[in-house]
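Protein chains in written order, with the UniProt record's numbering: chain F, 1 to 264; chain A, 1 to 264. Virtual Cβ for every residue (Gly too), placed ideally from N, Cα, C. Here the structure is laid out as structure tokens; the discussion comes afterwards.
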DNA sequence: GTGCGATCCTTTAGGCTGTACGGAGATGGT
DNA sequence: ACCATCTCCGTACAGCCTAAAGGATCGCAC
């Protein structure tokens with residue numbers, strides 16, 4: 001499932017996101033027992049614990065002692081609810097990063113925060129980054145990341161692409177880690193067991209594997225240290241993220257020296 | 001929806017992927033009118049044209065003049081079918097890249113090929129990269145990418161992370177482009193129209209936006225040239241990819257000079 | 001106090017989804 | 001001719017989102 005930011009009424013969506021029009025109540029009718037916030041929190045709890053696939057309107061309603069349809073008084077659709085969830089959890093992001101050591105350590109600190117944040121809410125990866133949510137959380141997040149990256153002194157256009165790349169790298173790494181977790185939970189097989197059973201059959205079915213795919217074989221030669229605690233793929237993803245951020249930082253440094261030698 | 005590589009019987013999955021056990025037919029019963037290949041091709045056509053969400057067993061069956069259940073004779077489940085689709089289209093990837101100019105131009109050529117490839121089959125982004133498919137297509141793809149990146153001379157462990165980062169960067173850029181396309185198709189709104197209508201309401205609802213989010217405002221100042229032909233987000237994603245690959249290449253170069261000054 | 005009408009919530013229903021199950025018809029080998 | 005086997009289909013079930021309609025509850029004007 002891919003989720004797009006509210007396709008319905010733009011005004012209604014934005015009002016919900018920014019909690020506009022929440023003045024004092026004077027209208028008739030029964031008092032609302034629920035609230036947008038309670039619904040969003042319940043939904044986030046479900047998605048965090050059981051994944052986006054388990055997030056149904058029925059499930060959210062049930063958790064609040066209501067039916068699915070009761071939610072539609074507060075939230076126009078499931079899509080919109082997911083937007084609200086997205087923007088809500090973005091409020092958790094740590095705000096300040098130590099810039100006294102320059103942009104480089106701050107960048108890797110930020111990347112690490114984004115990593116743990118996304119791992120806490122892996123369903124975020126299912127929300128489309130195209131046409132983003134445009135709520136306070138999203139703006140706050142942009143603000144946080146930009147505050148770090150503008151200290152490089154690079155021009156805005158370049159910073160924009162760097163932010164985009166950074167978020168992509170983080171999301172990619174988290175995707176592997178999170179989906180590895182989910183796969184382990186759903187199949188009951190650890191990454192190692194999965195690989196062992198597959199590679200045994202594979203070797204039998206395709207005996208000439210190493211000669212047919214020499215580069216891949218070359219990759220396999222350095223196995224690296226066995227992952228002790230952390231599941232294999234999660235560990236690998238973590239290393240991949242660190243490598244990615246380092247590559248990114250080196251790329252920024254290169255851009256900076258170029259900029260310095262040929263300033264316009 | 002997130003799809004995992006075949007959770008069923010590992011042997012059956014791999015046999016299907018490698019088309020093992022397709023000897024001459026001597027069994028009784030009616031001749032199969034369909035084939036795994038035809039089913040996979042039909043499924044790919046649907047997913048390419050209408051997206052993963054439109055890919056249902058009923059739809060695939062209909063396209064072949066059969067019911068949904070007829071497919072289950074050939075393919076054990078929808079998940080498995082998607083794995084087969086994935087591995088199948090990977091066969092389209094161009095194989096050879098010009099390495100006479102060194103790894104750098106080859107890398108950007110490769111990235112561009114991966115970009116167009118994924119744009120042609122955007123549903124690939126919905127297949128989990130954790131626990132990959134382990135079919136001939138996947139191995140071929142790895143082989144292709146590794147052939148380019150091993151020419152940097154970096155050690156295998158490092159190359160592995162670089163490959164991972166490269167694929168992540170490409171997938172991230174494609175995701176934005178593809179989902180922007182899909183959003184445009186589904187909402188009937190161009191990126192510009194979408195942004196115009198939203199930003200008007202936003203300015204009204206949050207009048208102090210620029211003072212509250214100064215960094216974001218600073219980003220907005222350089223609007224850049226208006227995208228003439230290509231839809232806005234797709235254009236932006238393309239630029240983001242190019243920037244990402246350049247950053248990556250600079251990162252590799254930095255790693256190379258480090259390696260050269262301190263070889264072990 | 002009484003009734004109007006807005007609001008909250010539920011029930012029902014419709015159109016999707018993947019796939020388990022059982023059966024119908026076709027076919028090759030004995 | 002028979003039978004085991006294979007292809008293919010109809011039915012069914014559980015689950016999904018949400019449109020529509022009705023019941024319960026309450027603030028306010030009269």
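Bounding residues of the alpha helix (DSSP H) (the contiguous stretch that carries residue i)
i	result
residue 104 of chain F	103-120
residue 150 of chain A	It is not in any alpha helix (DSSP H) - residue 150 of chain A carries neither H nor E in the DSSP assignment.
residue 260 of chain A	232-261
residue 214 of chain F	214-221
residue 12 of chain F	10-17
residue 192 of chain F	191-205
residue 60 of chain A	57-63
Beta-carbon neighbours of residue i, restricted to chain F and to distances below 8 Å
i	result
residue 146 of chain A	215, 216, 218 and 219
residue 198 of chain A	10, 14 and 134
residue 262 of chain A	Those within 8 Å of residue 262 of chain A in chain F number zero; the least Cβ separation is about 15 Å.
residue 111 of chain A	Per Cβ cutoff of 8 Å: no residues; residue 111 of chain A is ~12 Å from chain F at best.
Within chain A, the residues that residue i reaches when beta carbons sit closer than 7 Å
i	result
residue 130 of chain F	176, 179, 180, 183 and 233
residue 108 of chain F	None at all; the shortest Cβ gap to chain A is about 13 Å.
residue 267 of chain F	With chain F running from 1 to 264 in the structure shown, residue 267 of chain F is simply not present.
residue 143 of chain F	213, 215 and 216
Contacts around residue i, its chain only, beta-carbon distance under 6 Å, and the 5 residues preceding and following it disregarded
i	result
residue 14 of chain A	none
residue 5 of chain F	With a pLDDT of 47 at residue 5 of chain F, under the threshold of 50, the predicted position of this residue should be treated as unreliable, and no value is reported.
residue 91 of chain A	137
residue 9 of chain A	none
residue 194 of chain F	none
Simplified DSSP state of residue i, which is helix, strand or coil
i	result
residue 40 of chain F	helix
residue 163 of chain F	helix
residue 1 of chain F	Low confidence applies here, because residue 1 of chain F scores a pLDDT of 40, under 50, leaving its location unreliable and the question unanswered by this model.
residue 127 of chain F	strand
residue 75 of chain F	coil
residue 26 of chain F	coil
residue 21 of chain F	coil
residue 94 of chain A	coil
residue 229 of chain A	coil
residue 33 of chain F	coil
residue 67 of chain A	coil
residue 146 of chain A	helix
Contact list for residue i against chain F, beta-carbon separation under 7 Å
i	result
residue 18 of chain A	205 and 206
residue 156 of chain A	218, 219, 221 and 222
residue 139 of chain A	213 and 216
residue 115 of chain A	By Cβ distance, chain F contributes nothing, its closest Cβ being about 13 Å from residue 115 of chain A, past 7 Å.
residue 160 of chain A	219
residue 248 of chain A	247 and 251
residue 43 of chain A	Ordered by position in chain F, no residue passes the 7 Å Cβ test against residue 43 of chain A, which lies about 18 Å from the chain.
Chain A residues whose Cβ lies nearer than 8 Å to that of residue i
i	result
residue 201 of chain F	10, 11 and 14
residue 82 of chain F	Near residue 82 of chain F there are no residues of chain A at all, since even the closest Cβ is about 14 Å away, more than 8 Å.
residue 239 of chain F	161
residue 92 of chain F	Near residue 92 of chain F there are no residues of chain A at all, since even the closest Cβ is about 18 Å away, more than 8 Å.
Status (buried if at least 16 other CB within 10 Å, exposed otherwise) for residue i
i	result
residue 186 of chain F	exposed
residue 168 of chain A	buried
residue 258 of chain F	exposed
residue 19 of chain A	exposed
residue 122 of chain A	buried
residue 35 of chain F	exposed
residue 69 of chain F	exposed
residue 152 of chain A	buried
residue 98 of chain A	exposed
residue 94 of chain A	exposed
residue 229 of chain F	exposed
residue 198 of chain A	buried
residue 27 of chain A	exposed
residue 221 of chain F	exposed
residue 204 of chain A	exposed
residue 210 of chain F	exposed
8 Å CB neighbourhood of residue i in its chain, flanking five on each side removed
i	result
residue 2 of chain F	The predicted position of residue 2 of chain F is uncertain, since its pLDDT is 47 and thus under 50; a value taken from the coordinates is nonetheless stated next. Cβ within range, chain order: 126 and 128.
residue 87 of chain F	17, 133, 135, 136, 137 and 138
residue 206 of chain F	212
residue 165 of chain F	248
residue 158 of chain A	255
7 Å CB neighbourhood of residue i in its chain, flanking five on each side removed
i	result
residue 60 of chain F	39, 42, 43, 46 and 71
residue 115 of chain A	170, 173, 174 and 241
residue 58 of chain F	68
Per-residue contacts from residue i into chain F (C-beta, under 9 Å)
i	result
residue 169 of chain A	165, 168, 169, 172 and 244
residue 49 of chain A	Residues of chain F passing the Cβ test: none, with the nearest at roughly 16 Å.
Contacts of residue i in chain A (Cβ-Cβ under 9 Å)
i	result
residue 229 of chain F	By Cβ distance, chain A contributes nothing, its closest Cβ being about 18 Å from residue 229 of chain F, past 9 Å.
Check: residue i C-beta below 7 Å from any heavy atom of the ligand PLP
i	result
residue 186 of chain A	Questions concerning the ligand PLP fall outside what the structure shown contains, since it holds no ligand whatsoever.
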